[in-house]
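Have a look at the structure below before the remarks.
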Amino acid sequence: MSATGDGGFWTRYVFSTDHKTIGKQYYFTAVVMALFAATWSMLLRLHLAWPQSQWPLLGKLFPGLYEGGVLLPERYLSLVTMHGSVMIFFVISLSLVSGFGNFIIPLQIGARDMAYPFLNMLSYWTIVPACLLMLGSFFAPDGAAASGWTAYPPLSALADATPGEGLGQTMWILAMALFIASFTMGGLNYITTVLNLRTRGMSLWRMPLTVWTLFIASIIGILAFPALTAAAIMLLLDRLGHTSFFLPTGLVMGGEVLPYHGGTPLLFQHLFWFLGHPEVYVLVLPAMGIAFDVVATHGRRPVFGYRTSVWALVVIAVLGMIVWGHHMFVSGMSPYVGEYFSVATVLITAPFSVLALNLVASLWRAELRLTPALLFVLGLMAAVAIGGLGGVFLATATSDQYLHNSYFVVGHFHLMIAVVTFFTIFAGTYHWYPKMFGRQMNQTLGKVHFWLTVPSVVIGFVAMHFLGMGGEQRHLYDPTAYEFLRPIQWLNVFISIVMFVAAAAQLVFLGNFFGSLRFGARADSNPWQGTTLEWTTTSPAPHLNWGAELPVVSRGPYEYRTNGVPSGYLPQHAPPLEVARATVSAS
Amino acid sequence: MTAAVPVVNRFPDSRAADREPYSIGLVAILTTVVMLFTAFTAALLIRRTGDDWARVALPGIVWANTLVILLSSAAIERARAAVRANASQRAAGWMSVGALFGLLFLAGQVIAWRSLAAHGVFLSSNPHAAFFYMLSGVHGAHVLGGLAALGWTLGRTRAGAYGPARHAGLTHAAVYWHTVGGVWLWLLAILSTL
Chain V
3 MSATGDGGFW TRYVFSTDHK TIGKQYYFTA VVMALFAATW SMLLRLHLAW
53 PQSQWPLLGK LFPGLYEGGV LLPERYLSLV TMHGSVMIFF VISLSLVSGF
103 GNFIIPLQIG ARDMAYPFLN MLSYWTIVPA CLLMLGSFFA PDGAAASGWT
153 AYPPLSALAD ATPGEGLGQT MWILAMALFI ASFTMGGLNY ITTVLNLRTR
203 GMSLWRMPLT VWTLFIASII GILAFPALTA AAIMLLLDRL GHTSFFLPTG
253 LVMGGEVLPY HGGTPLLFQH LFWFLGHPEV YVLVLPAMGI AFDVVATHGR
303 RPVFGYRTSV WALVVIAVLG MIVWGHHMFV SGMSPYVGEY FSVATVLITA
353 PFSVLALNLV ASLWRAELRL TPALLFVLGL MAAVAIGGLG GVFLATATSD
403 QYLHNSYFVV GHFHLMIAVV TFFTIFAGTY HWYPKMFGRQ MNQTLGKVHF
453 WLTVPSVVIG FVAMHFLGMG GEQRHLYDPT AYEFLRPIQW LNVFISIVMF
503 VAAAAQLVFL GNFFGSLRFG ARADSNPWQG TTLEWTTTSP APHLNWGAEL
553 PVVSRGPYEY RTNGVPSGYL PQHAPPLEVA RATVSAS
Chain H
156 MTAAVPVVNR FPDSRAADRE PYSIGLVAIL TTVVMLFTAF TAALLIRRTG
206 DDWARVALPG IVWANTLVIL LSSAAIERAR AAVRANASQR AAGWMSVGAL
256 FGLLFLAGQV IAWRSLAAHG VFLSSNPHAA FFYMLSGVHG AHVLGGLAAL
306 GWTLGRTRAG AYGPARHAGL THAAVYWHTV GGVWLWLLAI LSTL
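So the protein sequences, as listed, match chains V and H.
If you're matching positions, the first sequence starts at 3 in our numbering and goes up one per residue.
If you're matching positions, the second sequence starts at 156 in our numbering and goes up one per residue.
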């Protein structure tokens with residue numbers, strides 16, 4: 003752990019205002035939450051492959067979830083809901099945006115800390131109760147929320163609709179509200195820090211792409227999250243105050259007509275997706291930014307099209323805010339509106355292609371050093387390319403009519419959100435681990451982790467597309483209940499097996515991660531010969547990041563393969579060439 | 156672990172001195188506030204197309220409350236003028252008046268709720284009433300936040316921390332306060348006409 007320079011154990015490691023400590027706290031919290039969410043997905047896969055089999059041992063381990071060794075249908079829905087919610091908001095967001103974001107932004111722009119360190123600490127300590135509420139909801143009288151990670155009403159608004167919709171759903175909503183509050187505090191910090199605390203010479207156009215993407219993602223978050231806050235307040239009032247914001251006339255439950263009148267469930271969907279779709283970019287953009295930084299450093303060449311990438315990010319951010327309706331093509335929507343959302347969604351492929359092609363072009367004539375960090379970015383490129391193809395079918399309203407709510411969608415968003423972001427979380431971890439902990443992770447184990455992970459997750463999630471084309475619906479408890487799905491049940495078995503391999507591979511990663519804390523080789527300040535500012539300070543970086551003098555920046559972030567310089571790269575803080583030459587000739 | 160850390164200012168050679176960092180944070184906060192009430196407005200516009208939409212007559216006191224929140228904003232502006240004229244004590248006086256009017260506004264809103272309830276109009280009675288209770292409640296929470304900011308700056312004003320050239324904190328609290336007041340005008344406009 004890095005020293006914070008002041009106070010004892012509590013102020014140094016627990017209630018720290020040091021951005022690096024807070025970044026690590028977020029990261030470790032995400033690891034814990036990931037262990038839960040991944041375990042739940044394994045239980046789901048086990049059940050989906052062999053829905054009739056009994057697992058007495060699991061029944062003993064998870065007495066509330068199993069009955070007679072079989073996963074209960076209502077608990078199955080709870081596990082699906084909690085897996086999605088926790089992975090998106092409490093694993094990917096926390097590690098990629100809050101974890102790496104906190105750790106790396108000040109280090110890469112030459113700041114001593116975040117603009118509002120106290121707010122930063124507060125944001126972390128707001129996420130902790132949110133995590134506890136989420137996990138604790140399993141102990142609610144009728145279990146954790148079961149209405150899917152999208153929490154659509156009427157299901158999510160009626161406590162008696164299904165087990166899990168009582169206290170569990172209320173806890174879920176409150177946890178999300180705390181998450182939004184915490185994320186908003188983080189966003190305020192990122193935006194202000196990037197605009198205000200850059201060191202001398204660090205103009206906006208000299209910022210590494212990681213910082214650009216986190217900056218733009220923060221702006222998207224600030225604009226999009228309030229819509230979910232509004233939706234959550236109205237949903238809570240529908241649940242607890244018996245209002246009818248989202249509950250329509252004539253709802254029947256248990257043979258009785260409910261007293262609700264005039265509300266519209268579609269309204270919730272609009273508000274949810276006004277956040278939900280931009281949230282995809284809040285996660286994917288930082289992933290792309292980290293990918294660019296890793297490719298440049300480990301490929302030893304400047305990234306291709308730095309400025310066009312930044313403009314592409316801006317266009318993606320704008321378009322990403324106005325395409326939410328494509329999640330609702332089959333929810334009931336005027337065909338004209340659907341057509342608009344379709345066209346706007348397909349338009350996003352243009353700037354996103356610019357970004358992705360710039361990433362691929364950055365490999366052109368690169369001297370690839372096939373470290374685990376770079377390998378995972380190469381894996382990301384493959385996943386984006388394959389997953390993106392599926393997106394074309396879902397963006398088109400006509401084909402989406404058939405594929406909506408099928409496993410095609412499940413496969414697609416797992417490739418685009420889960421694989422892309424997790425691969426960058428891994429890439430970022432292998433890349434910045436030396437700076438975070440002052441030691442190197444084992445590179446061979448890193449490669450083993452990569453070669454076990456990539457084929458299994460890519461093949462597994464691609465196979466889900468075929469399940470979807472075969473007609474299997476998402477949230478389906480028992481695929482063998484339908485005769486038309488029985489011929490493709492072998493695909494479910496196959497997917498489960500490759501996913502077990504993928505999960506086992508993560509144990510290699512975790513072992514490497516925690517083992518290297520103690521046994522990893524000591525890392526020097528710049529183990530990858532990187533150019534950006536985080537490599538100018540010691541590993542791990544000290545409290546306030548640099549000594550008495552902050553580095554002064556004289557050039558862009560990716561000056562690799564420079565002529566006339568033996569080491570082939572120019573760090574951002576190296577003096578301008580003219581000055582360097584003058585110094586050499588003078589001596 | 157704890158290598159000798161040189162004694163340095165937190166942000167000695169950053170640009171923090173050139174640009175007030177809190178103004179950027181303020182813009183971001185106000186953006187979330189505006190987006191929140193924009194989302195609520197959109198929700199109201201959609202919900203009012205339901206066949207059960209009927210406008211409930213708002214209690215008369217909300218108009219008095221509106222006057223109070225406007226006067227409060229005016230008092231805060233007088234306080235800022237006093238600070239610019241280097242009259243800290245006068246400024247503190249006006250700040251107190253502004254904050255007091257803020258409290259009065261909240262009390263008035265509670266009276267409005269009670270008056271509606273006395274007429275048998277509750278949260279779940281009617282969609283328009285639900286919006287009135289919810290929007291005034293969420294707005295009231297933002298007013299509370301503003302009162303906290305005013306309380307903080309009042310303390311700073313009393314301590315003489317602000318002068319003609321240096322009163323960014325007061326300005327930020329004032330901008331937030333006026334925005335929250337403006338949001339109320341907007342909410343009243345849509346609630347009394349739609």
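Beta carbons are placed, not taken as given, at the ideal position from N, Cα and C, and that holds for glycine.
Assign residue i to buried or exposed, taking buried as 16 or more other Cβ atoms, counted over all protein chains shown, within 10 Å of its Cβ.
{"i": "T348/H", "result": "exposed"}
{"i": "R371/V", "result": "exposed"}
{"i": "Y404/V", "result": "exposed"}
{"i": "W12/V", "result": "exposed"}
{"i": "L211/V", "result": "buried"}
{"i": "K62/V", "result": "exposed"}
{"i": "W268/H", "result": "buried"}
{"i": "V335/H", "result": "buried"}
{"i": "P319/H", "result": "exposed"}
{"i": "G66/V", "result": "exposed"}
{"i": "V495/V", "result": "exposed"}
{"i": "S243/H", "result": "buried"}
{"i": "G253/H", "result": "buried"}
{"i": "T19/V", "result": "buried"}
{"i": "P167/H", "result": "Per-residue confidence for P167/H stands at a pLDDT of 47, beneath the threshold of 50, marking its modelled position as unreliable; the derived number appears in the next sentence. Classification for P167/H: exposed."}
{"i": "V296/V", "result": "buried"}
{"i": "G215/H", "result": "exposed"}
{"i": "M255/V", "result": "exposed"}
{"i": "T446/V", "result": "exposed"}
{"i": "T164/V", "result": "buried"}
{"i": "E485/V", "result": "exposed"}
Please confirm whether residue i and residue j have their CB atoms less than 8 Å apart.
{"i": "A399/V", "j": "F331/V", "result": "yes"}
{"i": "P250/V", "j": "T231/V", "result": "no"}
{"i": "P573/V", "j": "T540/V", "result": "no"}
{"i": "N198/V", "j": "L121/V", "result": "no"}
{"i": "H414/V", "j": "H329/V", "result": "no"}
{"i": "A146/V", "j": "S80/V", "result": "yes"}
{"i": "V667/V", "j": "L454/V", "result": "Past the boundaries of the shown model lies residue 667/V; chain V is included only from 3 to 589, so the question cannot be answered."}
{"i": "T201/V", "j": "I111/V", "result": "yes"}
{"i": "G430/V", "j": "S364/V", "result": "no"}
{"i": "G291/V", "j": "T215/V", "result": "yes"}
{"i": "M44/V", "j": "A505/V", "result": "yes"}
{"i": "V99/V", "j": "L285/V", "result": "yes"}
{"i": "S518/V", "j": "R476/V", "result": "no"}
{"i": "H279/V", "j": "W326/V", "result": "yes"}
{"i": "L260/V", "j": "L253/V", "result": "yes"}
{"i": "S125/V", "j": "G170/V", "result": "no"}
How would you list, in chain order, the residues of chain V whose beta-carbon sits under 9 Å from the beta-carbon of residue i?
{"i": "M289/H", "result": "I235, M236, L239, G243, T245 and F247"}
{"i": "I201/H", "result": "T266, L268, L269 and H272"}
{"i": "A236/H", "result": "Going along chain V, no residue has its Cβ under 9 Å from A236/H, so there is no contact; the nearest lies around 28 Å."}
Starting from the beta carbon of residue i, find every residue of chain H whose beta carbon is closer than 9 Å, and list them in chain order.
{"i": "H329/V", "result": "Within chain H, no residue comes near H329/V; the closest Cβ sits about 17 Å away, beyond 9 Å."}
{"i": "L225/V", "result": "T186, T187 and M190"}
{"i": "G653/V", "result": "This structure does not reach residue 653/V, given that chain V is present from 3 up to 589, and the question cannot be answered."}
{"i": "I193/V", "result": "I179, G180, V182 and A183"}
Whose Cβ in chain H lies nearer than 7 Å to the Cβ of residue i?
{"i": "T231/V", "result": "L191"}
{"i": "P228/V", "result": "T187, M190, L191 and A194"}
{"i": "T186/V", "result": "T187"}
For a contact defined as C-beta to C-beta under 7 Å, what are the partners of residue i on chain V?
{"i": "P282/H", "result": "S246 and G264"}
{"i": "L293/H", "result": "Residue 293/H is actually Val in this sequence, not Leu. What V293/H touches in chain V: I235."}
Worksheet item: Do the stretch 374-392 of chain V and the stretch 414-423 of chain V meet, that is, are 3 or more Cβ pairs less than 8 Å apart?
Response: At 8 Å Cβ cutoff, the stretches touch.
Worksheet item: For the stretch 317-332 of chain H, which residues have a beta carbon sitting closer than 9 Å to at least one beta carbon of chain V?
Response: Listed by position along the chain: nothing, the set is empty.
Discussion item. Would the stretch 18-31 of chain V count as touching the stretch 57-73 of chain V if we require 3 or more Cβ pairs under 8 Å?
Written reply: Not touching, per the Cβ criterion.
Worksheet item: For the 8 Å Cβ check, are there 3 or more pairs between the stretch 319-336 of chain V and the stretch 541-555 of chain V?
Response: No: fewer than three Cβ pairs fall under 8 Å.
Discussion item. What are the residues in the stretch 261-286 of chain H lying within 8 Å of chain V by C-beta distance?
Written reply: Taking a C-beta cut-off of 8 Å against chain V, the contacting residues of the stretch 261-286 of chain H are L278, S279, P282 and A285, listed in chain order.
Discussion item. Assess contact between the stretch 47-59 of chain V and the stretch 135-152 of chain V, defined as three or more Cβ pairs (one per stretch) separated by less than 8 Å. Is contact present?
Written reply: Under the three-pair Cβ rule at 8 Å, the stretch 47-59 of chain V does not count as touching the stretch 135-152 of chain V.
Item to complete: Kindly confirm or deny that the stretch 332-346 of chain V and the stretch 258-265 of chain V touch, where touching means at least three C-beta pairs closer than 8 Å.
Response: In this structure the stretch 332-346 of chain V does not lie against the stretch 258-265 of chain V, because fewer than three pairs of beta carbons, one per stretch, are closer than 8 Å.
Worksheet item: Taking a cut of 9 Å between CB atoms, which residues from the stretch 116-128 of chain V lie near chain H?
Response: Per Cβ criterion, the list reads A117, Y118, P119 and L121.
Discussion item. I'd like to know if the stretch 254-266 of chain H and the stretch 226-233 of chain H are in contact, where contact means that at least 3 CB-CB pairs between them fall below 8 Å.
Written reply: Judged by Cβ distances under 8 Å, the stretch 254-266 of chain H makes contact with the stretch 226-233 of chain H, as three or more pairs qualify.
Worksheet item: What residues from the stretch 165-177 of chain V come within 7 Å of chain H, judged by C-beta to C-beta, listed N to C?
Response: From the stretch 165-177 of chain V, no residue has a Cβ closer than 7 Å to chain H.
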